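Residue numbers (our numbering): 2 to 203.
From the three backbone atoms N, C-alpha and C, an ideal C-beta is built for every residue, glycine too.
Note that the structure is predicted; figures quoted are calculated from it, not measured.
Take a look at the structure below.
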């Protein structure tokens, strides 16, 4: 028997959140929150670690003792999560051919992306991509496409782009590109925004 369910319920109630709203913040469903609060279930280790990280608590604080109201009232992270949840600022939207606007699941785009790579002066001079373009990369090479480019890493010759996979080189498939003529700091800002949207969708 731990204090986990009691602590979760206390945090939720003091913050004035419904079980559904709290579940969305913790990336769980309402029934799971209910079962924790009623002591019918305990979280798996990976779930406990994720919740502790989100609430900025240690697992020991969540499990082994009743949490104090003073500790809970200092949680700024929850307010940030709630405001991001209700803010339209970080929601990507799609425009349909009929000019309708609807929420867009960024996960559809990011599902196959493992890494990004920013094109520098050297690579720009040897490829079709411009400096500052961000290449979206996948490490999945199971399917070799005819009209596809690959990013190859070679200890001797550095980085290059090729239409063929070469042996003894680290290879990533280029699955997309964010094209821009803007400077790198702007691209960093865009990628940070994409990461925030992705983490919200998880």
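Could you give the residue range of the beta strand (DSSP E) that holds residue 94? Position 93 of the chain shown, counted from the first residue, corresponds to residue 94. First-last of the beta strand (DSSP E) with residue 94: 94-96.
Below 8 Å between beta carbons: does that hold for residue 55 and residue 62? As a working mapping, residue 55 is identified with position 54 in the chain shown. As a working mapping, residue 62 is identified with position 61 in the chain shown. For residue 55 and residue 62, no; Cβs fall outside 8 Å.
Please state the DSSP three-state secondary structure of residue 162. To locate residue 162, count along the chain shown from 1; it is residue 161. Three-state result, residue 162: strand.
Should the region 172-181 be called in touch with the region 110-122, which here means at least 3 C-beta pairs below 8 Å? When Cβ pairs closer than 8 Å are counted between the two stretches, the region 172-181 is seen to touch the region 110-122, the count reaching three or more.
Name the two residues that bound the continuous alpha helix (DSSP H) containing residue 36. Within the chain shown, numbered from 1, the residue matching residue 36 stands at position 35. 31-38 is the span of the alpha helix (DSSP H), which, as asked, contains residue 36.
Exposure of residue 158, with buried meaning 16 or more beta-carbon neighbours within 10 Å: Here residue 158 refers to the residue found at position 157 of the chain shown. By the beta-carbon neighbour count (other beta carbons within 10 angstroms, threshold 16), residue 158 is exposed.
Quick one, are the C-beta atoms of residue 36 and residue 20 less than 8 Å apart? For the purposes of this step, residue 36 is taken as the residue at position 35 of the chain shown. For the purposes of this step, residue 20 is taken as the residue at position 19 of the chain shown. Note that the C-beta distance between residue 36 and residue 20 is not below 8 Å.
Just reading off the alpha helix (DSSP H) that residue 11 is part of, what are its end residues? Start at 1 with the first residue of the chain shown, and residue 11 comes out as number 10. Element bounds for residue 11: 5-15.
Grab me the residues of residue 163's own chain with a C-beta within less than 6 Å of its C-beta, minus the 5 sequence neighbours each way, in chain order. Here residue 163 refers to the residue found at position 162 when the chain shown is read from its first residue. Taken in chain order, the residues that qualify are 151, 153.
With 16 other CB atoms within 10 Å as the buried threshold, where does residue 129 fall? Position 128 of the chain shown, counting from 1, holds the residue named residue 129. Exposed: under 16 other Cβ atoms inside 10 Å.
Local conformation of residue 90 per DSSP, three classes: On the chain shown, residue 90 is found 89 positions in, with the first residue counted as 1. Any reading at residue 90 needs caution, since the residue's pLDDT is 48, under 50, leaving its predicted position unreliable; the model's value is listed next. Reduced to three states, the DSSP call for residue 90 is coil.
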